[in-house]
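Data block below; observations after.
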Amino acid sequence: MSVLFPKDEAECAGLVGDIAGRGETLEIVGGGTRAGLGRPVEATHRLSSAQMSGITLYEPSELVIGARAGTPVSTIEAALAEKGQMLPFEPMDHRTLYGQTGEPTIGAVAAANVSGPRRISVGAARDHLIGVRFVNGRGEVVKSGGRVMKNVTGLDLVKLSAGAHGTLGVLTEVIFKLLPRPDASLTLVFRGLGDADAVGLMSLALGSPYEVSAAAHLPAEADFSGRTLIRIEGFPASLAYRRDQLVARLAAHGAAEALEGEAEGALWARVRDCAPLAGDGTGEVWRVSVAPAKAAGFVAGLSEAGIVRHFYDWGGGLVWLSRAAGALDDGAIFAAAARAGGHAMLVRAPDARRRAGPVFQPLSAGVMALTAGIKASIDPGHAINPGRMYEGL
Amino acid sequence: MAEIAFPAPDPEILARRDAIVAGLARLVAPECLITEADGRRPFETDALTAYRRLPMAVVLPRTTEEVSAVLGFLNAEGVKVVARGAGTSLAGGAIPQEDAVVVGVSKMNRILDIDYASRTMRVEAGITNLAVTGAVAADGFFYAPDPSSQLACTIAGNIAMNSGGAHCLKYGVTTNNILGVKMVLIDGTVVELGGDALDAPGLDLLGLVIGSEGQLGIVTEATLRILHAAEGARPVLFGFPTSEAAGAAVAAIIGAGIIPVAMEFMDRPAIAICEAYAKAGYPLDVEAMLIIEVEGSDAEMDATLKRIIAIAQAHGVTTIRESRSAMETAAIWKGRKSAFGATGRVADYICMDGTIPTGRLPEVLRAMEEIATGYGLRVANVFHAGDGNLHPLILYNINDPDEQARAEAAGNDILKLCVDVGGCLTGEHGVGIEKRELMTHQFAPVDLEQQMRVRAVFDPAWLLNPAKVFPLEGRWQGR
Ligand SMILES: Cc1cc2nc3c(=O)[nH]c(=O)nc-3n(C[C@H](O)[C@H](O)[C@H](O)COP(=O)(O)OP(=O)(O)OC[C@H]3O[C@@H](n4cnc5c(N)ncnc54)[C@H](O)[C@@H]3O)c2cc1C
């Protein structure tokens, strides 16, 4: 298979137009570190964003950064760190889970709506993505949104692009809004709580006035000891005050230790990257979005599904699950997620499995019809990342 | 400058009015159907009162099922539908057409569920914005987007316009605070988009629907994210000798890594109007004022304010006044939130809503002044400074057609300027009819065509709020 490396957006548009015009197909690759996400794409061409790289706009005083899709996330983060700013949603790095060595790109962060622990307090990648440029399946360059934070001019194709996993066009440029990096951070660690108790503690913390920025629970099976983590961020005096208030408010759940500095950062990176379930890189890993109040009950009801490990992020709103690859019925997890009013995604599994069955939560007939219609309205020939999210789309 | 055009009503539909009304009468209770001209009159316009069109009929269903039956029927009859919440749109988004039926959700205003553990609540979409916060305030919670019209406007309208408010600098706009909606498509199909969990199971259709101005379906229920309020909040007034200095202070505060909950700007004319109305103690001897609000415990607020004050001083601030009581705080916000209403007492106005990169603030303020003067008009400026969302109020006399035309022309020039400096036509009020013909200034033909192709997935025959958002010429009609 040929790999195409367009040098700029115009060349990219030409290539996509030609490929689609010939009735052929293409798979988009960024750094390749998220190739395991979604269904495997069978395409005649591979199109890499690698040469469409570079920051196009960075205005620290306006809290906005724009970059070509192939720009490494590390380049963005280095530029932001220099000015004391950050991508607020703390994007997950999938390399831990997939054992990949490539360089994640900012385009893929947008395309897969990749967020991390801070998502529970400040929102996801999709909440911070304010502008995109992309090439549609007709080979046209389309722009939506822009560089300003508030914008309701026309239909929001930016949100549609976020989380479409490249099925709605080749992103060529993305613009994110930013936040200042907090001066300091501190995590309260509670030990030995059961799931329901831990989720209750996290709800209490997140429902307090003390601006908890992240809340996760690692049961003993996913962590050496079993820890519930409540993170606060801000300037030092404020941090100390909120720490004391939270400790008092959460005292019924036990005593807390405070974790700071490098050890704290490393622990949250593990949570962010799903490291507790990475294992030897082979088992199935699922992520389930569910209302926090239903999270522990959802997990308790999974006894039939062969789950071996799990942990919670987003105060219980995100449940990570792992089990051995193969054999087991995957309908069970989708069905349980649906019963709990949430939805599941199979994040890691062998290609054969991801080809054979659904990876994303099956949709209602009405929503599926809209999904198919939108795909056709943007990529009528199904030329771009065909089948990545749903078979036949 | 020409009046904003409406498509000519379809005579074939008008001729069938009696049959259409009779059909609707079979679907909803008599008190949910308004057919008399006098009863329809209140629905002929919204807050863009210079334009009015009397709809054929008004339906106010009580349930999603009724909305579904009504849309299914109107779709089969080929009748246009204009969704309506409270009719406070400033962009003419809710103004009907003579050959359309208004479907309003105002009777659907119940709270369905409050879940403090998950920090969400489920409501019917016709509930007012303020009633949502009112329902959870006693428990310390609130719903963050707070448009100044919150006493009247509905969650349905907020979703359709992706509405914002003074506190969105920190908490985001509507799209960042909605987890799911129930929506009825034009053919009567009911879909659930999103839910009570975070992120979408497939494509982010919820994100597409929010801000879509009633063109994709009628929203009947929504799941909202609610938050616990901070321990305290304190607004502070900062008076500056020039607008430029105030603008520069805003940029410097954000540049210093401080994100206050709100940073609102008013210029001298706006200060005078709002102070006369609200008696909030605004300084009258300054050219520009910022209301900056900080949150947290007293000590946290003191510490943050200290840094903000230092920056303001470095930018030549001449007056600083901190709120000392809940009453003062209420008065300060009353002045800001009633800015449009207070302006309406001294003159007619059109309110622009362009957004600009905040770095361009000083030059844009100057240019806007020049534009208004050039048309022989006055502007008062109140806006969300932290995110560059401008609200120049162009004052005019609605009974003077020439002045109205000049006001609209000035408004258009201002919005084009916003786009030209890297911003957009509308930050939170929507395009409606008002900015429809300017869309080509912000978007290339392919951009608009792609949006219209997506629109057509939901409403292939352009029956839902068809006169809005997209220029009347060059509409994409299908393959
Ligand atoms: C004094 C004043 C102050 C304001 N301040 C602000 C402010 O601070 N911030 C801000 O963002 N806006 C503000 N607005 C604008 C306005 O209040 C908002 O746009 C509001 O969200 C409109 O809500 P509504 O219920 O009145 O909707 P309407 O005006 O009835 O409708 C608005 C749009 O929503 C569509 N719609 C209504 N119901 C539905 C439904 N169920 N499903 C699908 N579409 C639907 C309509 O077709 C229309 O296009 C202000 C307006 C006024 C008059």
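Residue numbers (UniProt numbering), protein chains in the order written: chain A, 1 to 393; chain B, 1 to 479.
Beta carbons are placed, not taken as given, at the ideal position from N, Cα and C, and that holds for glycine.
In this text, all values refer to a predicted model and were calculated from it rather than measured experimentally.
Asked: Coarse secondary structure for C168 (chain B), derived from DSSP in three states; Found: helix
Asked: beta-carbon G164 (chain B) near ligand 1 non-hydrogen atom, thresh 6 Å; Found: yes
Asked: Alpha-carbon spacing of A247 (chain A) relative to A291 (chain A), whole angstroms; Found: Strictly speaking, residue 247 (chain A) in this sequence is Val, with Ala absent from that position. So the alpha carbons of these two residues sit roughly 25 Å apart.
Asked: Short CB-CB distance (under 7 Å) between P201 (chain B) and chain A; Found: yes
Asked: C-beta contact flag for T187 (chain A) and E262 (chain A) at 7 Å; Found: no
Asked: Any non-hydrogen atom of ligand 1 closer than 6 Å to R348 (chain A) Cβ; Found: no
Asked: Cα-Cα separation, V70 (chain B) to D447 (chain B); Found: 33 Å
Asked: Whether L179 (chain B) touches L193 (chain B) by CB criterion (7 Å); Found: no
Asked: Short CB-CB distance (under 7 Å) between M1 (chain B) and chain A; Found: The pLDDT assigned to M1 (chain B) is 45, lower than 50, so where the model puts this residue is not dependable, and the model offers no usable value.
Asked: Given A5 (chain B) as reference, the closest of B:V181, B:A299, B:Y51 once Cα atoms are compared; Found: B:Y51
Asked: Beta-carbon neighbours of residue 396 (chain A), restricted to chain B and to distances below 7 Å; Found: No information on residue 396 (chain A) is available, as it lies outside the stretch 1 to 393 that chain A covers here.
Asked: 8 Å Cβ shell around L14 (chain B) - same chain, five flanking residues per side excluded; Found: M56, E98, D99
Asked: P401 (chain B), enclosing alpha helix (DSSP H) - first and last residue; Found: 401-420
Asked: Validate contact between the region 265-273 of chain A and the region 285-299 of chain A using beta carbons, cut 8 Å, 3 pairs; Found: no
Asked: Bridge partner(s) assigned by DSSP for N75 (chain B); Found: None, per the DSSP bridge assignment.
Asked: CA-to-CA distance, G116 (chain A) to F89 (chain A), given in whole angstroms; Found: 6 Å
Asked: N-terminal and C-terminal residue of the beta strand (DSSP E) that C32 (chain B) is part of; Found: Segment: none, C32 (chain B) is in no beta strand (DSSP E) and carries neither H nor E.
Asked: Contact test: N465 (chain B) Cβ vs ligand 1 heavy atom, cutoff 6 Å; Found: yes
Asked: Coil, strand or helix - Y241 (chain A) by DSSP; Found: helix
Asked: R84 (chain B): CB within 6 Å of a non-hydrogen atom of ligand 1; Found: yes
Asked: Neighbour flag for A13 (chain A) against chain B, beta carbons, 7 Å; Found: no
Asked: Neighbourhood of A256 (chain B) by C-beta, 8 Å cutoff - its chain only, sequence neighbours within 5 removed; Found: R307, I311
Asked: Residues that DSSP places opposite W333 (chain B) in a beta bridge; Found: Looking at the DSSP assignment, W333 (chain B) forms no beta bridge with any residue, so it has no partner.
Asked: Residue environment, S325 (chain B), which counts as buried when at least 16 other CB atoms sit within 10 Å; Found: exposed
Asked: Reduced DSSP secondary structure (H/G/I, E/B, other) of R321 (chain B); Found: strand
Asked: Per-residue burial, R147 (chain A) [other beta carbons within 10 Å of its own, 16 or more giving buried]; Found: buried
Asked: Cβ-heavy atom distance, T88 (chain B) to ligand 1, below 6 Å; Found: yes
Asked: Residue from B:I254, B:A131, B:W476, B:A138 whose Cα sits closest to the Cα of S149 (chain B); Found: B:A131
Asked: Residue(s) in a DSSP beta bridge with S185 (chain A); Found: A:E233
Asked: For I130 (chain A) and I106 (chain A), believed in contact at Cβ under 8 Å, the rounded distance; Found: With a Cβ gap of about 13 Å, I106 (chain A) and I130 (chain A) do not count as contacting.
Asked: 9 Å Cβ cut-off: residues of chain B touching H343 (chain A); Found: G195, A197, D199, A200, P201, G202
Asked: Proximal chain A residues relative to F443 (chain B), where beta-carbon distance stays under 7 Å; Found: G154
Asked: Near-chain A residues of the region 440-466 of chain B - C-beta to any C-beta below 8 Å; Found: Q442, F443, A444, V446, D447, L448, Q450, Q451, R453, V454, R455, A456, V457, F458
Asked: Candidates B:L377, B:M121, B:T319: closest to A246 (chain B) by CA position; Found: B:T319
Asked: Inter-residue Cα distance where the pair is V145 (chain A) and A385 (chain B); Found: Reading off the sequence shown, one finds Gly at residue 145 (chain A), where the question assumed Val. Those two C-alpha atoms are separated by around 19 Å.
Asked: Own chain partners of G84 (chain A) with C-beta closer than 7 Å, once the 5 adjacent residues on each side are dropped; Found: P180, R181
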